[in-house]
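In this note's numbering, the protein residues as written are 60 to 261.
Here you go:
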């Protein structure tokens, strides 16, 4: 069954911003990378705040923010030929993520940011974030937020790329043609693994 999705406006109102935070916080509540990054009290709420800021920054770079018709899931896609993230971009974001991350989380964010160096050089669509509210997982919303973009990538003859922060999601992404190209052991193995996945155009 195809699930209805919609593109969210570039300028989100406070209500929709709150809903994006809630969905992403719940979606990543048991995620190995995010439970390692954001610890302690109100971790789900704080992770949602950081993730919402992440998708906001991707939209500011020219990305597209999509969601289920009733915000069952959220995805941020960055189109080909988008300039890479620079160190100055991270510095600008620090004041906004310091409060929800805390000092310890900010220290752990540094080795995680190194993943940007592993982005493919060739043009590609980048799935920056995909999160489905646990109440709606397994209902087709994730696929509905992937399929239109792999079709656009195929039409343009470019690949797609993502980083899966949960090994159990690798099989899900393989259904859409993604394959693991590398596994990053974050913070020299002191953190969780991150699975880099690439999809060739068809």
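Beta carbons are placed, not taken as given, at the ideal position from N, Cα and C, and that holds for glycine.
*asked:* With DSSP as the reference, identify every bridge partner of residue 190, one or two as the case may be.
replied: Within the chain shown, residue 190 is the residue found at index 131, counting from 1. Answer is 133, bridged to residue 190.
*Of the choices 247, 193, 93, 166, whose alpha-carbon is the least far from that of residue 133?*
One-based indexing of the chain shown puts residue 133 at position 74. Residue 193 is the option with its Cα nearest to residue 133.
*asked:* Taking 8 angstroms as the cut-off, does the segment 115-123 touch the segment 80-100 (at least 3 CB pairs, one atom from each stretch)?
replied: no
*Leaving aside the five residues before and after residue 26 along the sequence, list all residues of the same chain whose C-beta is less than 7 angstroms from its C-beta, in chain order.*
Residue 26 lies beyond the range of the chain shown here (60 to 261); nothing can be said about it.
*Determine, using beta-carbon pairs with one atom in the segment 194-210 and one in the segment 242-255, whether at least three such pairs fall under 8 angstroms.*
no
*Considering only C-alpha positions, which residue in the set 210, 70, 71, 88 is nearest to residue 191?*
Here the question's residue 191 lines up with position 132 in the chain shown. Answer by Cα proximity: 88.
*Helix, strand or coil: how does DSSP classify residue 215 here?*
Translated into positions along the chain shown, residue 215 becomes position 156. In the structure shown, residue 215 sits in a helix (DSSP, three-state: H, G or I).
*Cβ atoms of residue 118 and residue 69: under 7 angstroms apart, would you say?*
Sequence index remark: in the chain shown, residue 69 carries index 10 (1-based). Sequence index remark: in the chain shown, residue 118 carries index 59 (1-based). Their beta carbons are under 7 angstroms apart, which means residue 69 touches residue 118 by this criterion.
_Out of 236, 230, 225, which one is the CA nearest neighbour of residue 252?_
The count along the chain shown starts at 1 and reaches residue 252 at position 193. Taking only the C-alpha atoms, the option nearest residue 252 is 225.
*Assuming residue 128 and residue 65 make a contact with CB atoms under 8 angstroms, what is their CB distance in whole Å?*
Along the chain shown, one-based indexing puts residue 128 at 69. Along the chain shown, one-based indexing puts residue 65 at 6. Confirmed, Cβ separation roughly 6 angstroms.
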